[in-house]
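For reference, the structure discussed in these notes is given below.
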Amino acid sequence: MPALLEAEQLKKHYGSVRALDGVSFVVEPGITGLLGANGAGKSTALKLFLGLIGPTAGRALFEGVDVSVQPAARQRIGYMPEHDCLPRNMDAIEFLSYMGQLSGLPSHDARVRAADTLRHVGLEEERYRPLGDYSTGMKQRVKLAQALVHDPALVLLDEPTAGLDPMGRQQMLELVEHTGREFGISVVLSSHLMGDVERTCDRVIVLDAGNVSQEGSVAGFTTETTLLAIQVTEGAEPFLAELGRRGIQSRVEGETIVVENIDDAGFNSIRDAIVTSGALLYSMAPRQHSLTELFRDDPALQSLREGDDA
Amino acid sequence: MTIDTQPRQRSTEGEVYDLGYQRFEGERSGPPQALRAIWRDSIRASLGLGRSLSSKLLPLGLIVLVLLPAVFVIVILGFFNSFTGGLDDVDLEGFSNREYFQLALVPLMLYASMIGPEMFCPDRRSNVLVLYFTRPLTPMNYVAARWFGFLTVSTLVLWSPQLLLFATHAVIADSPADWARDNLEIIPQAALSGLILAAMLTSVALAVSSFTDRRPYAAGATLGLLVLFSVVGEVLAELVSGSTGDYLELIDLLQAVVNVNNWIFDDVQSGTPLSSWFYLADVVAVIAIGWVVMWWRYRGAAE
Numbered sequence: 010m011p012a013l014l015e016a017e018q019l020k021k022h023y024g025s026v027r028a029l030d031g032v033s034f035v036v037e038p039g040i041t042g043l044l045g046a047n048g049a050g051k052s053t054a055l056k057l058f059l060g061l062i063g064p065t066a067g068r069a070l071f072e073g074v075d076v077s078v079q080p081a082a083r084q085r086i087g088y089m090p091e092h093d094c095l096p097r098n099m100d101a102i103e104f105l106s107y108m109g110q111l112s113g114l115p116s117h118d119a120r121v122r123a124a125d126t127l128r129h130v131g132l133e134e135e136r137y138r139p140l141g142d143y144s145t146g147m148k149q150r151v152k153l154a155q156a157l158v159h160d161p162a163l164v165l166l167d168e169p170t171a172g173l174d175p176m177g178r179q180q181m182l183e184l185v186e187h188t189g190r191e192f193g194i195s196v197v198l199s200s201h202l203m204g205d206v207e208r209t210c211d212r213v214i215v216l217d218a219g220n221v222s223q224e225g226s227v228a229g230f231t232t233e234t235t236l237l238a239i240q241v242t243e244g245a246e247p248f249l250a251e252l253g254r255r256g257i258q259s260r261v262e263g264e265t266i267v268v269e270n271i272d273d274a275g276f277n278s279i280r281d282a283i284v285t286s287g288a289l290l291y292s293m294a295p296r297q298h299s300l301t302e303l304f305r306d307d308p309a310l311q312s313l314r315e316g317d318d319a
Numbered sequence: 003m004t005i006d007t008q009p010r011q012r013s014t015e016g017e018v019y020d021l022g023y024q025r026f027e028g029e030r031s032g033p034p035q036a037l038r039a040i041w042r043d044s045i046r047a048s049l050g051l052g053r054s055l056s057s058k059l060l061p062l063g064l065i066v067l068v069l070l071p072a073v074f075v076i077v078i079l080g081f082f083n084s085f086t087g088g089l090d091d092v093d094l095e096g097f098s099n100r101e102y103f104q105l106a107l108v109p110l111m112l113y114a115s116m117i118g119p120e121m122f123c124p125d126r127r128s129n130v131l132v133l134y135f136t137r138p139l140t141p142m143n144y145v146a147a148r149w150f151g152f153l154t155v156s157t158l159v160l161w162s163p164q165l166l167l168f169a170t171h172a173v174i175a176d177s178p179a180d181w182a183r184d185n186l187e188i189i190p191q192a193a194l195s196g197l198i199l200a201a202m203l204t205s206v207a208l209a210v211s212s213f214t215d216r217r218p219y220a221a222g223a224t225l226g227l228l229v230l231f232s233v234v235g236e237v238l239a240e241l242v243s244g245s246t247g248d249y250l251e252l253i254d255l256l257q258a259v260v261n262v263n264n265w266i267f268d269d270v271q272s273g274t275p276l277s278s279w280f281y282l283a284d285v286v287a288v289i290a291i292g293w294v295v296m297w298w299r300y301r302g303a304a305e
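Chain order of the listed sequences is A and B. Everything in the first sequence is counted per this note's numbering, starting at 10 for the first residue and increasing by one. Everything in the second sequence is counted per this note's numbering, starting at 3 for the first residue and increasing by one.
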């Protein structure tokens, strides 16, 4: 059975600019993050899979099919672009119904699914308002809804949290998770924000300057190495000094002392350091790495962390 | 057998079931359904249907304007019929189906120029094209569906007054059935002539609209282009003598399409300096050039 998406030595050059430089990867069902800084080749990869542009070399396949050769395959793909793309004078239900029909749904089914999809994205009450009157967050939801209205096997989301405030971002990520886990629709989430990918995705493919720099399951990345998070109510300074004397690397994050890469002997040494320093232990528990911590030393991904911080 | 005679208790409680997300198990019609959807949307946009009241006023007003000469002719014919007791002695020159498009050419130009841009401009302006082309649709499918959508409405707008005129002539004749039977050839003649005129105006309006996302600019440019070609063609035909001048008159697209109309109705060369085939070729060339322009403008629209 062919993979959901497959890139085979995929190249896309714009003159001397190598947007994608012979990348190969496979996307399986589930939620996959396509992570990379601006210009890393994420949007180019999505356009190649949608058949909107042709590759310089290689192949981009959806379920074994080159969509640019068989456009009918697009009726099982949804796409949410990054930029604004909604007509101002149409209401949401009419627009979604129209988009459903453009994806091959019969008129009546498109109408029913438009109402259902708007309910799923939380816009049921607003469905008869002109799209021009919607807020940024509502527009993002309509963009997601139009990608889902025809019940695709796969949706490609290009920066779905762009321009959203923290609350809107959280709600959009919840919708993305619902889509992937409850609706049973596979998702490719293109983002420059590690936090978004880490929170929602099963797998991540990191693009850097047109190449795949890392790929794997998010759980695999974040559990390969454990961290120990320690909180003390008193005696933090002597405790840190004692850790240093024992050669244990540590750093302070807010009220938490984080220790990395410890083995069994390290645990015993930390226990002894607490006793010796007289610190009052409040909690001590293992903590997973975040993607941000894992990619901390990768200079190519500096801008991703900056985006997260913002 | 026992019959329950107790009145049933009305339920005062209900339950709402959230069925959750439902997968679509029906049949998907792919590109044909997409083309139908755009064709239907084009017709709705041409008539202002599903839009605000102010958006409806312009197309409906222009359609009334196209019908107005027919209404005027009908009133005149009715007047003559009432006061002269028949039309046998009345000169109907200018009031027949053959002359109608000449009479209504200005309102027709206005309709095509001002409503044609509705096909392309709003989609470009709102960047919605990317959503079209990520569906089972190619840019040329999109252009074709828009073109046929506007052609459908334009053709119906052109046919309506012709049918009204035909019906009026029949009704005021001494023997309506005989008149209709004797003049039945007018129906296919008017239909063909209207279709050719609508196709030309549609191609010009949509080709010009493909250059901008602003409707007023597209409307002005379409109207300006048609008038400019008309004036330039007339002036050159006057200035340049001989057969060269006759060929230069082909630049006057409106006169060319009127000549084709007259040819269709008369089935003879109507005193034109060139063979009627030249005027038909001229109109067909304009339609073809319009398609080439639209293809050129939209060939990379998906990117």
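Glycine included, each C-beta is placed from N, C-alpha and C at the ideal position. These numbers come from a predicted model, not from an experiment.
- In this model, Arg138 (chain A) and Asn98 (chain A) are separated by some 9 Å (Cα to Cα).
- Put simply, the backbone Cα of Gly226 (chain B) is about 18 Å away from that of Glu251 (chain B).
- Comparing alpha carbon positions, the residue from B:Ile40, B:Leu67, B:Ile174 closest to Phe81 (chain B) is B:Ile174.
- Annotation: the continuous beta strand (DSSP E) that includes Asn220 (chain A) extends over 220-226.
- Residues of chain A whose Cβ lies closer than 7 Å to the Cβ of Gly52 (chain B) are, in chain order, Glu103.
- Contact of His129 (chain A) with chain B by beta-carbon distance below 8 Å involves Tyr23.
- Between the region 126-138 of chain B and the region 221-235 of chain B there are fewer than three inter-stretch CB-CB distances shorter than 8 Å, so the stretches are not counted as touching.
- For the region 106-137 of chain A, the residues whose beta carbon sits under 7 Å from a beta carbon of chain B are, in order, Tyr107, Met108, Gln110, Leu111, Ser112, Gly113, Leu114, Pro115, Asp118, Arg122, Asp125, His129.
- Annotation for Val196 (chain A): the continuous beta strand (DSSP E) segment containing it runs 195-200.
- For Asp167 (chain A), the enclosing beta strand (DSSP E) covers residues 163-167.
- For Ile40 (chain A), the closest of A:Arg27, A:Ile266, A:Glu133, A:Ala162 by C-alpha to C-alpha distance is A:Ala162.
- Non-local beta-carbon contacts of Ala238 (chain A) in its own chain, meaning distances under 7 Å to residues more than five positions away in sequence, involve Thr265, Val267, Ala294, Arg296 in chain order.
- For the region 106-155 of chain B, the full-length alpha helix (DSSP H) segments reaching 4 residues or more read 107-117, 123-127, 131-135 along the chain.
- For His22 (chain A), the closest Cβ of chain B is not nearer than 8 Å.
- For His22 (chain A), the enclosing beta strand (DSSP E) has its first and last residue at 14-23.
- Per DSSP, Gly60 (chain A) lies in no beta strand (DSSP E) segment and is marked neither H nor E.
- When C-alpha distances from Gln257 (chain B) are compared across B:Arg38, B:Met202, B:Leu70, the shortest belongs to B:Met202.
- Following the DSSP letters along the chain, one finds Gly50 (chain B) in no alpha helix (DSSP H), marked with neither H nor E.
- Buried is the label assigned to Ser195 (chain B), since at least 16 other Cβ atoms lie within 10 Å of its Cβ.
- At least one beta carbon of chain A lies nearer than 8 Å to the beta carbon of Val130 (chain B).
- Here the C-alpha atom of Arg122 (chain A) lies approximately 10 Å from the C-alpha atom of Gln155 (chain A).
- Taking 8 Å as the cut-off, the beta carbon of Leu105 (chain A) is found closer than this to the beta carbon of Leu127 (chain A).
- Ranked by how close their Cα comes to the Cα of Ala207 (chain B), the residues B:Ala239, B:Val132, B:Val145 have B:Val145 in first place.
- For Leu61 (chain A), the chain B residues whose C-beta falls within less than 9 Å of its own C-beta are Val132, Phe135, Thr136, Ala304, Glu305, listed in chain order.
- Our two residues, Asp217 (chain A) and Ala46 (chain A), have alpha carbons roughly 7 Å apart in a direct line.
- Checking the DSSP bridge columns, you'll see Arg296 (chain A) partnered with A:Leu236.
- One finds Ser128, Asn129, Val130, Leu133 in chain B with Cβ atoms closer than 9 Å to the Cβ of Leu95 (chain A), taken in chain order.
- Using a Cβ-Cβ distance cut-off of 8 Å, the region 16-32 of chain A and the region 57-75 of chain A are in contact, since at least three pairs of beta carbons, one from each stretch, lie closer than that value.
- In the three-state scheme derived from DSSP, where H, G and I count as helix and E and B as strand, Ala179 (chain B) is classed as helix.
- Apart from the 5 residues on each side of it in sequence, His187 (chain A) sits with its Cβ closer than 8 Å to the Cβ of His129 in its chain, given in chain order.
- DSSP places Thr41 (chain A) in the uninterrupted beta strand (DSSP E) bounded by 40-44.
- A direct Cα-Cα distance of roughly 21 Å separates Lys58 (chain B) from Arg126 (chain B).
- With contacts defined as CB atoms closer than 8 Å, Ile86 (chain A) and Leu114 (chain A) fail to qualify as a contacting pair.
- Assignment of Thr170 (chain A) by DSSP, reduced to helix, strand and coil, places it in the coil class.
- As the crow flies, the alpha-carbon of Ala49 (chain A) is around 16 Å from that of Val197 (chain A).
- Chain B has no Cβ within less than 8 Å of the Cβ of Ala171 (chain A).
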